[in-house]
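Trainee: I have a structure I would like to understand better, so I am pasting it below and will then ask my questions one at a time.
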Amino acid sequence: MNRIKQKLKEDKKILSIYFSAGYPNLEDTVQIIQELEKNGVDLIEIGLPFSDPLADGPTIQESSTIALKNGMNTALLFQQLRDIRKSVSIPLILMGYFNPVLQYGVAEFCAKCEEIGIDGLILPDLPLDVYKQEYETIFKKHGLINVFLITPQTSDERINAIDKASDGFIYMVSSASTTGAKQGFGIEQSDYFERIAQMDLDNPQIVGFGISNSETFEQATQKAKGAIIGSAFIKHLTANGVHGIADFVSQIR
Amino acid sequence: MNSYHADERGYYGEFGGAFIPEMLYPNCEELRQNYLSIMEEPSFKDEFHQLLKDYVGRPTPLYFAKRLSEKYNTKIYLKREDLCHTGAHKVNNTIGQILMAKKLGKHRIIAETGAGQHGVATATVCALMGIECVVYMGEIDIARQAPNVARMKMLGAEVRPATSGSKTLKDATNEAIRDWINNPVDTHYIIGSVVGPHPYPDMVARFQSVISEEIKGQLLEKEGRQNPDYVVACVGGGSNAAGAFYHYLDVPEVGIIAVEAAGKGIDSGESAATSALGKVGIIHGSKTLLMQTQDGQITEPYSISAGLDYPGVGPMHAHLYTSGRGEFISITDDDAMKAGLELCKLEGIIPAIESSHALAIFEDRKFQPEDVVVVNLSGRGDKDLQNYIDYFKL
Chain A
1 MNRIKQKLKE
11 DKKILSIYFS
21 AGYPNLEDTV
31 QIIQELEKNG
41 VDLIEIGLPF
51 SDPLADGPTI
61 QESSTIALKN
71 GMNTALLFQQ
81 LRDIRKSVSI
91 PLILMGYFNP
101 VLQYGVAEFC
111 AKCEEIGIDG
121 LILPDLPLDV
131 YKQEYETIFK
141 KHGLINVFLI
151 TPQTSDERIN
161 AIDKASDGFI
171 YMVSSASTTG
181 AKQGFGIEQS
191 DYFERIAQMD
201 LDNPQIVGFG
211 ISNSETFEQA
221 TQKAKGAIIG
231 SAFIKHLTAN
241 GVHGIADFVS
251 QIR
Chain B
1 MNSYHADERG
11 YYGEFGGAFI
21 PEMLYPNCEE
31 LRQNYLSIME
41 EPSFKDEFHQ
51 LLKDYVGRPT
61 PLYFAKRLSE
71 KYNTKIYLKR
81 EDLCHTGAHK
91 VNNTIGQILM
101 AKKLGKHRII
111 AETGAGQHGV
121 ATATVCALMG
131 IECVVYMGEI
141 DIARQAPNVA
151 RMKMLGAEVR
161 PATSGSKTLK
171 DATNEAIRDW
181 INNPVDTHYI
191 IGSVVGPHPY
201 PDMVARFQSV
211 ISEEIKGQLL
221 EKEGRQNPDY
231 VVACVGGGSN
241 AAGAFYHYLD
251 VPEVGIIAVE
261 AAGKGIDSGE
271 SAATSALGKV
281 GIIHGSKTLL
291 MQTQDGQITE
301 PYSISAGLDY
311 PGVGPMHAHL
321 YTSGRGEFIS
331 ITDDDAMKAG
341 LELCKLEGII
351 PAIESSHALA
361 IFEDRKFQPE
371 DVVVVNLSGR
381 GDKDLQNYID
391 YFKL
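Chains A and B are the protein sequences, given in the same order. The opening residue of the first sequence carries number 1 in full-length UniProt numbering; numbering runs sequentially from there. The opening residue of the second sequence carries number 1 in full-length UniProt numbering; numbering runs sequentially from there.
Written as structure tokens, this is what we have:
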């Protein structure tokens, strides 16, 4: 069974961490993954850097730009990850924008993911209808779970369509924002969290955007299955490097 | 038969669509569901055409360029978009979109701008309607386009520097999109070209189509026929070209010539000739031809003309190129500057450097003496004076 699905069955709140591959240093990728697993993180999203990350705020943009300057690219990331399954068993997701995947070749990209032991993909600018028409069979053939996003503005009708197309979890964007933009949750978020919980979806939801510490992690996971931390983790990496990962994770839970 | 226009999903052949993150879906979907019916409303049409006439100064003349025609031994007409209010065709689209925004109940406008022409055209219509306006502009462009920054400020717009990436047009577009993600309810994004996710390329092309609509009537008057043998326009993102080509797209006897900026030469590494240098990919929510690395990172284009300095082309143009319907020519900085100066001397018209690219094709691309060739003179050269001064040491 896919490692993501396995993990979601566990009776616990999921802590997922995002980082940009190739940041702060080109060769940090494997060590970051190992440290995150060692410190009890449940899921890892490995960011494939892109020149024009239009859904991301300044922190992830900056890390992405530096990663590219460091020399990161798709082929190199695959090379760095080629033996990753010898040392970790944590579910791994690649997250990025669609253009680099398209240039690598979607079929080749998915085949490579399977070979390495990647469990899922998050490609925010690959729309639902295009995925279903052109790519779903390829993803499935290689055992990859495709994760879709919903936002507070997504209609119930569309959420149901996304739920039907999903086979793992739904990435629940906490507020109308780019990544790392907002601090803390207000009444608007609790209403939204409640509304989604009431919908009784088939797929569990993991909340992302705006989670930076134990307080926001608690709030986000009251109704949802888990939460994702990206910008706050990258800021911590910037300040403390790979060796600060244990401290960071222990502050969250 | 309607093959060179967008289909209902916003595709031109394999190009177009809406490759957007979910955060943008409600806004784009609202626009997609409503733009055609709003544009059909009599009250919308009346106000749009009234403003184009009384405020923009349309119809713009179709001028027979006698001396230019003599020199190149063919019949050259210039469509005088340079005479539009604010100095270029850009305002046709911003008038349309500000009315669209009002119909959709939006009360805040955002826009991106490169050289500042679209920013000025947006700030202008926002002043006209009394609507809040934020224009994103690359930090580098702000430094080199000071007069247009001042114009936008005088018109009441806030100019926000885009400090990410290469700090130019593509980054200003990214920042505008990020603003829209953060303000999904009250804000309308006025994109300045036939780029971006569906329905933008089609909507902007429709607003600009007034150009070819007028050409048809004016040519009938002057030549006794609606169709020229060729229509020529420069292409950055491609909005003036989309407007000039629009009513001729499915008229096979009209030759379509799109002129791109070769910069310092196609193989120089400093160019914006997307048809020659681009590959199929996704930029700003649209599947089209774009300049990128092998790894799919979008690269920075170069042209002396800021308006042609975009790493992609609109999906309509990508389709015109790959289908062979359009003839694509690229013109270097030097040839464009020479053609700009030539128009000054022969016809007493100072063109925008963008438009000078379209004028520069006559040196190598020969036409028959009886051919009727319409060149879209998309903008005037006032904004480029400093460039002309520096280049010709005036």
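Glycine included, each C-beta is placed from N, C-alpha and C at the ideal position. The structure presented is a predicted model; accordingly, all values stated were derived computationally and were not measured.
Can you check which of these residues, 157/A, 126/A, 167/A, 125/A, is closest to residue 140/A by C-alpha distance?
Mentor: 167/A
Trainee: Along the chain, where does the beta strand (DSSP E) containing residue 108/B start, and where does it finish?
Mentor: 108 to 113
Trainee: Give, in chain order, every residue of the segment 98 to 130 of chain A whose Cβ lies closer than 9 angstroms to some Cβ of chain B.
Mentor: 98, 99, 100, 101, 102, 103, 104, 124, 125, 126, 127, 128, 129, 130
Trainee: At least one CB of chain A closer than 8 angstroms to the CB of residue 201/B: is that the case?
Mentor: False, the Cβ-Cβ gap to chain A never drops below 8 angstroms.
Trainee: Mind checking which residues open and close the alpha helix (DSSP H) that includes residue 35/B?
Mentor: 25 to 40
Trainee: For the segment 68 to 92 of chain A, which residues have a CB atom closer than 7 angstroms to at least one CB atom of chain B, in sequence order?
Mentor: 68, 73, 74
Trainee: Our contact map puts residue 295/B next to residue 73/A with C-beta atoms below 8 angstroms; I'd like the distance itself, whole angstroms only.
Mentor: 4 angstroms
Trainee: I'd like the list of long-range same chain contacts for residue 266/B, defined as Cβ closer than 8 angstroms, with 5 residues on each side in sequence excluded.
Mentor: 273, 276, 277, 330
Trainee: Cα-Cα, which of 215/B, 70/B, 125/B, 287/B is closest to residue 370/B?
Mentor: 70/B
Trainee: Does the beta carbon of residue 50/A come closer than 8 angstroms to any beta carbon on chain B?
Mentor: yes
Trainee: To be precise: take each residue of the segment 7 to 36 of chain B, compare its Cβ to all Cβ atoms of chain A, and keep it if any distance is under 9 angstroms. Which residues remain?
Mentor: Residues are counted here when their Cβ sits less than 9 angstroms from a Cβ of chain A; for the segment 7 to 36 of chain B these are 9, 17, 18, 19, 20, 21, 22, 23, 24, 25, 26, 27, 29, given in chain order.
Trainee: Helix, strand or coil: how does DSSP classify residue 188/B here?
Mentor: strand
Trainee: What does residue 150/A touch in chain B if you count any residue whose Cβ is under 7 angstroms from its own?
Mentor: Using a Cβ-Cβ cut-off of 7 angstroms, residue 150/A is close to 22 of chain B, given in chain order.
Trainee: Look up residue 76/B in the DSSP assignment and say whether it is helix, strand or coil.
Mentor: Look at residue 76/B here: in three-state DSSP terms it is strand.
Trainee: Answer yes or no: does any C-beta atom of chain A fall closer than 8 angstroms to that of residue 378/B?
Mentor: no
Trainee: For residue 182/A, which residues of its own chain have a beta-carbon under 6 angstroms away from its beta-carbon, when the five flanking residues on both sides are left out?
Mentor: 175, 210
Trainee: Between residue 218/B and chain A, is any beta-carbon pair separated by less than 8 angstroms?
Mentor: no
Trainee: What is the rounded straight-line gap between the Cα of residue 135/A and the Cα of residue 236/B?
Mentor: 31 angstroms
Trainee: Please state if the CB of residue 78/B and the CB of residue 377/B are separated by a distance shorter than 8 angstroms.
Mentor: Yes; because the gap between Cβ atoms is below 8 angstroms, this pair is in contact.
Trainee: Using CA atoms only, rank isn't needed, just tell me which of 119/B, 201/B, 153/B, 20/B is closest to residue 129/A.
Mentor: Residue 129/A has its Cα closest to that of 20/B, out of 119/B, 201/B, 153/B, 20/B.
Trainee: Among 287/B, 284/B, 205/B, 335/B, which residue has its Cα nearest to the Cα of residue 261/B?
Mentor: Of 287/B, 284/B, 205/B, 335/B, the residue nearest in Cα terms is 335/B.
Trainee: With a cut-off of 8 angstroms, does the C-beta of residue 281/B fall near any C-beta of chain A?
Mentor: yes
Trainee: Is there contact between the segment 385 to 394 of chain B and the segment 93 to 107 of chain B, where contact requires at least three CB pairs shorter than 8 angstroms?
Mentor: no
Trainee: Between which two residues does the alpha helix (DSSP H) carrying residue 102/A extend?
Mentor: 98 to 104
Trainee: Could you tell me if residue 150/A is buried or exposed, where buried requires 16 or more neighbouring beta carbons within 10 angstroms of its beta carbon?
Mentor: buried
Trainee: Shorter than 8 angstroms from the beta carbon of residue 255/B to some beta carbon of chain C?
Mentor: Chain labels in this structure do not include chain C; the protein chains are A and B.
Trainee: Would residue 271/B pass as a contact of residue 195/B if the rule is Cβ separation under 8 angstroms?
Mentor: no
Trainee: Comparing C-alpha positions only, which one of 234/A, 190/A, 23/A sits nearest to residue 224/A?
Mentor: Residue 224/A has its Cα closest to that of 190/A, out of 234/A, 190/A, 23/A.
Trainee: Give the list of continuous beta strand (DSSP E) stretches no shorter than 3 residues that lie fully inside the segment 273 to 317 of chain B.
Mentor: Under the rule that a run must span 3 or more residues, the beta strand (DSSP E) segments found entirely inside the segment 273 to 317 of chain B read 279 to 283, 286 to 290.
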